[in-house]
Amino acid sequence: MTIEILLNQFYTDLILVKRDSEQTAITYKISAEEFLNWLVTKKIKLKDVSVQNLLYYLINRQEKGCSELTIAKDISGIRALGDYLVRKGMWEENVALSLDKPKTARHLPKVLSVEQIDALLGCIDTSTASGKRDDALFELIYSCGLRISEACTLKIANVHLDERLILVHGKGDKERLVPFGERALEKMLVYLNEVRPELVKGRNVAEFFVNYRGEPISRKGVWKRFKELEALSGVDAKVHTLRHSFATHLLAGGADLRSVQELLGHSDLSTTTIYTHVTDKQLEEAHEKYFK
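Quick note on numbering: the sequence shown equals residues 3 to 294 in the working numbering.
As structure tokens, then:
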């Protein structure tokens with residue numbers, strides 16, 4: 003079996019069997035490809051791979067200047083490959099499980115204040131059709147903590163206006179119900195009643211948000227519009243900053259960590275705990291500002 007065939011089968015298994023996201027599958031495939039090519043250069047047969055071989059490989063990666071984050075991704079990818087090889091009977095055991103991931107420094111996510119959010123969204127020109135759509139789009143991303151991909155793929159059938167709930171299709175095909183507030187409802191109704199019908203022109207388009215051609219809005223389109231708002235408002239941010247801000251503002255307002263985890267769609271609570279560090283930092287800065 004060639005490396006290319008093995009990698010393609012591994013990738014397909016990650017998507018269809020393990021139900022990993024496309025981005026995760028691509029990352030693991032890249033890490034696996036690097037490792038398999040290294041085995042070829044060292045003339046090591048796949049069935050004979052040992053923990054010592056793996057350690058030599060990671061040392062080689064470090065010597066090439068790979069960061070701790072890259073090494074951690076490599077280990078995750080090789081572990082996933084090992085799991086696949088065991089299930090396919092090509093390895094007796096997953097020797098990659100013996101590897102310890104390097105402890106990478108966790109960078110606190112950038113968070114906007116409520117005033118900055120208002121300044122950013124306040125720059126939207128709601129006199130135009132695209133502006134009314136953007137007003138609903140970015141308000142919903144912020145008020146529901148959505149990823150860009152989740153906003154782009156949101157189906158109109160999954161928007162429940164009376165209940166003020168949306169059914170979000172997240173990473174790994176996981177679904178979650180997320181509530182939205184009165185302000186988001188008002189903006190969504192304007193978009194639905196005044197803008198969307200003109201854009202789709204009677205066609206049956208499943209996605210909630212569409213572009214000027216009446217087609218589902220793309221990630222690139224959302225990113226481009228946000229960059230324009232960033233320039234107009236002078237607020238330094240990314241679209242994903244709205245998601246970070248949503249989580250932090252909820253915790254600062256007294257929401258419990260488990261609820262925020264559910265709303266964000268995090269599979270692991272430890273991923274959500276980073277926002278507690280952000281709020282701690284904000285409290286420290288506020289204390290220093292007013293009580294120094």
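Glycine residues also receive a C-beta, built at the ideal position from the N, C-alpha and C atoms. Predicted, not measured: the structure shown is a model, and the values here were computed from it.
- Residue burial annotation: Met3 is exposed, with fewer than 16 other C-beta atoms found within 10 angstroms of its C-beta.
- As the crow flies, the alpha-carbon of Arg178 is around 15 Å from that of Ile158.
- The residue from His251, Leu41, Ile119, Arg135 with its alpha-carbon nearest to that of Ser235 is Ile119.
- For Ile126, no alpha helix (DSSP H) run applies, since DSSP gives it neither H nor E.
- In the three-state scheme derived from DSSP, where H, G and I count as helix and E and B as strand, Glu165 is classed as coil.
- Leaving aside the five residues that flank Tyr144 on each side, the residues in its chain whose CB is nearer than 7 Å to its CB run, in chain order, Ile119, Leu244, Ser247, Phe248.
- Taking the CA atoms as reference points, Leu253 sits about 31 Å from Thr72.
- Taken in chain order, the whole beta strand (DSSP E) runs of length 3 or more contained in the segment 143 to 228 are 167 to 171, 177 to 181.
- DSSP places His242 inside the alpha helix (DSSP H), whose first and last residues are 241 to 254.
- Less than 8 Å separates the beta-carbon of Phe182 from that of Arg166.
- By the criterion of at least three beta-carbon pairs nearer than 8 Å, the segment 16 to 34 is in contact with the segment 64 to 84.
- C-alpha of Glu217 to C-alpha of Ile150: approximately 16 Å in a straight line.
- Counting along the chain, the unbroken alpha helix (DSSP H) around Ala74 starts and ends at 70 to 89.
- Exposed is the label assigned to His162, since fewer than 16 other Cβ atoms lie within 10 Å of its Cβ.
- Ranked by Cα distance from Lys176, the options Gln11, Leu8, Ser269 are led by Ser269.
- Take Leu201, set aside five residues on each side of it, and the residues of its chain with a beta-carbon closer than 6 Å to its own are Val212, Gly216, in chain order.
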